[in-house]
Each structure stands twice: as C-alpha cells, then as structure tokens.
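Just below is one structure, and these are the notes that go with it.
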Amino acid sequence: MTESLELLSHYRQVKNPNPVFTPREGKKTLPFCRKLMAKAEGFTSRFDFSIHVAFLRSLGKRHRMPPLLRRRAIDALLQAMCFHYDPLANRVQRSITNMAIECRLATESKSGNLSITRATRALKFLAELGLITYQTGI
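The opening residue of the sequence shown carries number -14 in our numbering; numbering runs sequentially from there.
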C-alpha cells in the first residue's frame, strides 16, 4: 500500500526530489576522495548534522532544521564535492554549475536559462554551518 502511495506522490516544488550525484562516464578520482564520499554519505540524517543546526539555533541564526528537499540536495552536493576535491590544493576543482548538473539539481527554463538555485542555497547553508568556505563573484 505504501509503495503505491510513493509512486503516485510527486513534488510541485522541485522537478527532482531525489538528487543523486553521478560522475561523468570514465571520470576517476583519488582513493582518498572515495573514502571521503563513503564517510559523507547520509550526512544530513546523522546526529552531528543535527548538532550543527542546534548550534546555529543557539546563536539565533536559524530557527529550524532545513527542509527535507534541501537536506537531500546537501547530501548529493557533498558527494560531488568529495569526488572533485583536490587535497593538495585544498579546494574543490569543479564549478557550482557543473556540480549542480552532475547532481541533477539544475533546471532549465522554457527560454533556455539554467537555474542552479537549489545547489547555491544548499552550499550557502553549508557555509552558514561553517563546514565549507563558499565564495562567489571572485
């Protein structure tokens, strides 16, 4: 019964409610990055993520846990960031637009404009938590 309800349910808010990071065909990464990806899997459903959000609540910067769809976007983007992470340069060697496309978080309008709002909001939230440094316009 619940399986049939899940198949019929859909989201009006977003086109892809379950984003998943899929690297390009033939793209490889370091074994260290694969281990990072394994550790980051399901990060938003763990206790330490809740602790980070509770700390922001105590500072008065947030009032509640981020919505489920944003938490799913954060999980997918974390996988992409771990995959493209360069430990020698200590930065992610991929643009936000490309990561949003690989995670299927980017949407294209009828006029052909690409929107990466879900990805940028998820990254801004991670920066708000202090887990990443996120700079735009540089």
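Even glycine gets a Cβ: it sits at the ideal position worked out from N, Cα and C.
- Residue 76 is bridged by DSSP to 71.
- Per DSSP, the unbroken alpha helix (DSSP H) holding residue 36 starts and ends at 32 to 44.
- No residue range can be given for residue 49, since it is assigned to no alpha helix (DSSP H) and is classified by DSSP as neither H nor E.
- Between residue 48 and residue 39, the alpha-carbon positions lie close to 9 Å from each other.
- According to the DSSP assignment, residue 21 belongs to the alpha helix (DSSP H) that extends over 16 to 25.
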